[in-house]
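Okay, structure first, notes after.
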Amino acid sequence: MDYGLTETQQEIVSLARQIAVKKVKPVREHYDKTEEFPWPVVEEFRKADLFGLYLPEQYGGLGGGCFELSLAFEEISKACGGIAMPLGTSSLGSLPILLFGSAEQRERFLPDLASGKKLGAFNITEPEAGSDATATKATALKDGDHYVLNGIKNFCSTGKEADVYVVFASTNPARGPRGISAFVVEKGAPGFSFGKKEEKMGIRANPTYELVFKDCRVPAANLLYKEGYGLFVAQGTFDMSRPGIGAQALGIAQGALDETLAYVRVRKQFGQAISSFQAIGHMLADCATQIEAGRALLYATARAMDAAMKPAIELALKERLPVYDAMRKLKTRRWTKESAMVKVFCSDTAMKVTTDCVQMCGGIGYMRDFPVEKFMRDAKVTQIYEGANQIQRNEISMMMIKEAASQGGEG
Amino acid sequence: MPLNLLVCVKGTVSSTSGALRPEGQPLSPSPLDEYAVEEALRLKERVPGSKTAALSLGTPASEEPLRSVLSLGVESAVLLCDEAFAGGDPVSSAYLLSLAVRKLSAAAPVQLVLCGKKTNDGESGQVGPALAAWLGWPSACAVRKVVEVSETSLTVERALEGGVETLALSFPAVLTLTKEINEPRLPSLKGKMAARKAQIPRWGASDLGADAALYGKSAATSVVKTAPVPPRAGGVSIPGNTPEEKARALAEKLKEMKLL
Ligand SMILES: Cc1cc2nc3c(=O)[nH]c(=O)nc-3n(C[C@H](O)[C@H](O)[C@H](O)COP(=O)(O)OP(=O)(O)OC[C@H]3O[C@@H](n4cnc5c(N)ncnc54)[C@H](O)[C@@H]3O)c2cc1C
Numbered sequence: 001m002d003y004g005l006t007e008t009q010q011e012i013v014s015l016a017r018q019i020a021v022k023k024v025k026p027v028r029e030h031y032d033k034t035e036e037f038p039w040p041v042v043e044e045f046r047k048a049d050l051f052g053l054y055l056p057e058q059y060g061g062l063g064g065g066c067f068e069l070s071l072a073f074e075e076i077s078k079a080c081g082g083i084a085m086p087l088g089t090s091s092l093g094s095l096p097i098l099l100f101g102s103a104e105q106r107e108r109f110l111p112d113l114a115s116g117k118k119l120g121a122f123n124i125t126e127p128e129a130g131s132d133a134t135a136t137k138a139t140a141l142k143d144g145d146h147y148v149l150n151g152i153k154n155f156c157s158t159g160k161e162a163d164v165y166v167v168f169a170s171t172n173p174a175r176g177p178r179g180i181s182a183f184v185v186e187k188g189a190p191g192f193s194f195g196k197k198e199e200k201m202g203i204r205a206n207p208t209y210e211l212v213f214k215d216c217r218v219p220a221a222n223l224l225y226k227e228g229y230g231l232f233v234a235q236g237t238f239d240m241s242r243p244g245i246g247a248q249a250l251g252i253a254q255g256a257l258d259e260t261l262a263y264v265r266v267r268k269q270f271g272q273a274i275s276s277f278q279a280i281g282h283m284l285a286d287c288a289t290q291i292e293a294g295r296a297l298l299y300a301t302a303r304a305m306d307a308a309m310k311p312a313i314e315l316a317l318k319e320r321l322p323v324y325d326a327m328r329k330l331k332t333r334r335w336t337k338e339s340a341m342v343k344v345f346c347s348d349t350a351m352k353v354t355t356d357c358v359q360m361c362g363g364i365g366y367m368r369d370f371p372v373e374k375f376m377r378d379a380k381v382t383q384i385y386e387g388a389n390q391i392q393r394n395e396i397s398m399m400m401i402k403e404a405a406s407q408g409g410e411g
Numbered sequence: 001m002p003l004n005l006l007v008c009v010k011g012t013v014s015s016t017s018g019a020l021r022p023e024g025q026p027l028s029p030s031p032l033d034e035y036a037v038e039e040a041l042r043l044k045e046r047v048p049g050s051k052t053a054a055l056s057l058g059t060p061a062s063e064e065p066l067r068s069v070l071s072l073g074v075e076s077a078v079l080l081c082d083e084a085f086a087g088g089d090p091v092s093s094a095y096l097l098s099l100a101v102r103k104l105s106a107a108a109p110v111q112l113v114l115c116g117k118k119t120n121d122g123e124s125g126q127v128g129p130a131l132a133a134w135l136g137w138p139s140a141c142a143v144r145k146v147v148e149v150s151e152t153s154l155t156v157e158r159a160l161e162g163g164v165e166t167l168a169l170s171f172p173a174v175l176t177l178t179k180e181i182n183e184p185r186l187p188s189l190k191g192k193m194a195a196r197k198a199q200i201p202r203w204g205a206s207d208l209g210a211d212a213a214l215y216g217k218s219a220a221t222s223v224v225k226t227a228p229v230p231p232r233a234g235g236v237s238i239p240g241n242t243p244e245e246k247a248r249a250l251a252e253k254l255k256e257m258k259l260l
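Protein chains in written order, with the numbering used here: chain A, 1 to 411; chain B, 1 to 260.
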């Protein structure tokens with residue numbers, strides 16, 4: 001399908017595809033097996049400028065938006081959704097700074113994140129605060145010009161390898177959800193260490209770590225936006241980052257389908273290629289149709305969101321405001337519903353497609369020698385992280401009800 | 001002392017394009033030329049302050065391959081382009097390239113010219129050494145490693161059939177390279193964007209002050225005489241229906257010839 005990409009967007013796709021084919025595909029099995037961090041490939045992403053796709057040129061980025069990030073994330077994920085992860089996690093670390101940081105904070109942190117010299121990460125989850133972020137227990141109590149962080153965050157993607165962590169802790173436990181705040185914590189901050197590394201089903205090329213804070217002193221200048229705005233920071237970030245998960249999911253689905261199509265055309269049973277059986281043909285058709293539907297939803301949403309965000313980002317840079325304030329000034333709409341739809345649809349599609357791909361390939365599809373089972377393992381997490389799909393559906397329906405109510409509907 | 005490094009790049013139709021007719025197909029750098037570009041960039045990194053430039057002889061369509069070279073980090077490029085250049089042979093191509101090398105050297109002396117060992121279309125492998133001959137510079141062909149580089153010379157290794165030769169060359173010099181030498185890098189997006197905007201000057205016959213007798217159709221190789229290799233005498237077929245029969249017949253034949 002021709003989505004009318006600009007010349008720059010076509011170049012992003014073509015370069016990301018070259019990296020996927022030449023640098024990612026040959027090593028994906030190795031990193032899946034060893035669970036090592038794929039530094040040589042991350043270096044390729046860095047040299048190609050992929051970390052700055054969505055960041056303003058003023059900070060050394062390429063001035064694109066979440067559409068450009070999605071294009072690259074999708075292409076790399078066609079080869080390996082796990083190795084592609086740092087593109088996503090670094091955006092999760094950068095976006096809260098771009099959207100909620102002050103001009104000074106943007107200048108301090110974004111250039112190194114845009115160049116890929118530093119990797120970003122994001123950690124809101126805690127052992128007892130998963131879907132329910134309001135249950136955050138970690139604390140950040142003010143002490144002079146510092147906050148003192150205590151507590152455990154977990155399931156942090158690209159943990160230990162990243163340099164810049166956006167973490168959430170309560171500055172005022174008495175206020176419950178309204179006491180939660182977001183901070184930028186740099187690797188090496190005293191009292192900040194890494195705990196358990198998880199052993200995972202999929203995306204094994206990306207480390208998932210526990211972050212441990214023991215009287216960790218963080219400068220007050222690292223507070224993002226204002227005290228008590230943590231959950232706004234998280235939601236505002238997710239609005240823009242969830243399409244990226246959609247892109248990763250679609251890439252995984254497409255990668256699995258490409259391998260499967262090649263296999264079913266050569267695999268012979270009952271004296272003919274198995275692709276000639278209608279049962280297989282229809283499954284192929286459904287997989288391709290669902291992927292294309294997801295892609296159309298992803299691209300349309302990402303483009304509309306980028307176009308809507310652009311004036312707010314420009315105003316924020318010009319007047320040295322947080323982007324969030326510029327959004328409020330310009331009454332920029334929120335994208336919670338649409339970005340949740342993208343995330344749900346693309347990740348459910350990825351799980352269905354990869355499961356069907358294993359089925360179409362039969363026994364060999366289940367074996368580690370063949371890449372398709374890995375796509376199925378990698379797909380699963382896209383239905384879980386950045387908000388489980390049940391939570392996305394809660395958000396979508398909640399927004400629907402809100403919208404209906406604001407339009408004066410009944411009920 | 002920093003070096004001025006020049007890479008010769010020919011735009012050709014990719015052999016994986018599947019195109020049967022080359023006309024009108026987009027051009028990309030001939031594959032081995034990509035190794036020459038990579039080596040020039042590596043030498044630039046080895047000798048701080050050095051500069052790289054690319055040179056191509058071709059039609060206006062050769063601008064694209066030059067842009068792709070610029071997107072990798074080569075700083076400038078020149079396209080030798082003139083309708084009168086058409087129809088030449090490797091020696092006349094080398095003549096035109098040599099004039100451009102001299103013209104560039106007049107502004108800033110070029111120490112080293114790097115070429116691919118051969119292109120994926122003509123495959124003559126003659127342009128590099130012929131360029132060195134026109135320039136009167138030392139050259140080494142089929143280089144697979146640059147062992148050492150100094151301000152005035154370099155030491156290279158080249159693959160021979162069944163051996164390796166190490167050569168020292170003093171600057172200025174010409175090298176042609178094989179694909180064992182390195183692994184070409186991928187471009188960066190910023191590089192691609194800058195390359196899209198880059199100005200690529202075009203030099204024609206008059207810019208080069210070229211002698212019309214030495215390029216284009218009039219200078220092309222003409223076939224004076226062909227001396228085909230004499231056909232081989234027919235062989236002997238060994239009769240027999242089974243491998244055993246054939247083996248027996250073969251053994252007898254060999255005995256007859258006193259080879260067994
Ligand atoms: C590989 C991996 C990487 C991750 N990386 C990060 C990271 O980098 N940073 C980070 O902060 N977090 C990360 N996470 C955490 C992830 O975001 C959470 O796992 C996710 O939000 C779900 O939370 P939970 O695991 O606690 O599940 P729970 O909240 O315990 O949910 C369990 C089940 O109950 C359902 N459920 C819960 N509440 C409701 C409800 N109200 N309505 C309906 N259903 C509900 C859920 O949908 C789910 O099916 C990662 C997780 C994984 C697996």
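Backbone N, C-alpha and C define an ideal beta-carbon position, used for all residues, glycine too. Being a predicted model, the structure only gives us computed values, none of them experimental.
Residues of the same chain with a CB within less than 8 Å of the CB of B:Val-236, apart from the 5 flanking positions on each side, are Lys-253 in chain order.
Between B:Leu-6 and B:Leu-43, the C-beta spacing is not below 8 Å.
Scanning its chain for C-beta atoms nearer than 7 Å, with the 5 sequence neighbours on each side dropped, one finds around A:Thr-354 the residues Ile-252, Ala-253, Ala-256, Phe-375, Met-376 and Ala-379, in chain order.
If you draw a straight line from the Cα of A:Ala-20 to the Cα of A:Glu-75, it comes to about 7 Å. Counting along the chain, A:Ser-14 sits inside the alpha helix (DSSP H) bounded by residues 7-19. DSSP places A:Gly-236 in the helix class (H, G or I) of the three-state scheme. Counting the other Cβ atoms within 10 Å of the Cβ of A:Thr-125 gives 16 or more, which makes it buried. According to the DSSP assignment, A:Cys-346 belongs to the alpha helix (DSSP H) that extends over 336-361. If the five residues before and after B:Val-91 are omitted, its C-beta is found closer than 8 Å to the C-beta atoms of Gln-126, Ala-130, Ala-219 and Thr-221, all from its own chain and listed in chain order. For B:Leu-43, the enclosing alpha helix (DSSP H) begins and ends at 31-46. Look at B:Ser-188: its C-beta is under 8 Å from a C-beta on chain A. Annotated three-state conformation of A:Ile-384 is coil, per DSSP.
Beta-bridge annotation (DSSP): B:Ser-28 is paired with B:Thr-12. For B:Arg-158, the uninterrupted beta strand (DSSP E) run begins and ends at 153-160, by DSSP.
With a cut-off of 8 Å on Cβ pairs, the segment 238-252 of chain A is in contact with the segment 66-80 of chain A, counting three or more such pairs. Residue side-chain check: A:Tyr-385 places its Cβ nearer than 7 Å to a non-hydrogen atom of ligand 1. A:Tyr-366 counts as exposed, since fewer than 16 other beta carbons sit within 10 angstroms of its beta carbon.
Membership of B:Lys-253 in the alpha helix (DSSP H) is indicated by the continuous run 243-256. Within the segment 46-59 of chain A, Lys-47, Ala-48 and Asp-49 place their CB atoms closer than 7 Å to a CB of chain B, listed in sequence order.
Three or more pairs of CB atoms, one per stretch, sit closer than 8 Å, so the segment 33-52 of chain A contacts the segment 79-97 of chain A. Scanning its chain for C-beta atoms nearer than 6 Å, with the 5 sequence neighbours on each side dropped, one finds around B:Pro-138 the residues Leu-169 and Ala-173, in chain order. At least one heavy atom of ligand 1 falls within 7 Å of the beta-carbon of A:Ile-203. Contact check between the segment 187-202 of chain A and the segment 212-227 of chain A: three or more CB pairs, one atom from each, fall below 8 Å, which counts as touching.
Counting along the chain, the unbroken alpha helix (DSSP H) around A:Ile-97 starts and ends at 85-100. Look at A:Lys-214 here: in three-state DSSP terms it is strand. Judged by DSSP in its simplified three-state form, A:Gln-248 adopts helix.
Per the coordinates, the alpha-carbon of B:Ala-233 lies some 59 Å from the alpha-carbon of B:Gly-191. Considering only beta carbons, the part of the segment 173-198 of chain B lying closer than 9 Å to chain A consists of Arg-185, Leu-186, Pro-187, Ser-188, Leu-189, Lys-190, Gly-191, Lys-192, Met-193 and Arg-196, in chain order.
Of all alpha-carbon atoms in B:Val-164, B:Leu-208 and B:Gly-11, the one lying nearest the alpha-carbon of B:Gly-58 is that of B:Gly-11.
With respect to B:Gly-209, B:Ala-84 sits apart: the two C-beta atoms are not nearer than 8 Å. Contact note: A:Leu-15 reaches chain B through Leu-186, Pro-187, Ser-188, Leu-189 and Lys-192, using a C-beta cutoff of 9 Å and chain order.
The C-alpha of B:Val-74 lies about 30 Å from the C-alpha of A:Ser-90. Contact of A:Gln-18 with chain B by beta-carbon distance below 7 Å involves Leu-186. Look at the segment 1-12 of chain A: the residues with a C-beta under 9 Å from a C-beta of chain B are Glu-7, Thr-8, Glu-11 and Ile-12.
As the crow flies, the alpha-carbon of A:Leu-284 is around 51 Å from that of A:Asn-150.
When distances are taken from the beta-carbon of A:Ile-124 to the heavy atoms of ligand 1, the shortest one is below 7 Å.
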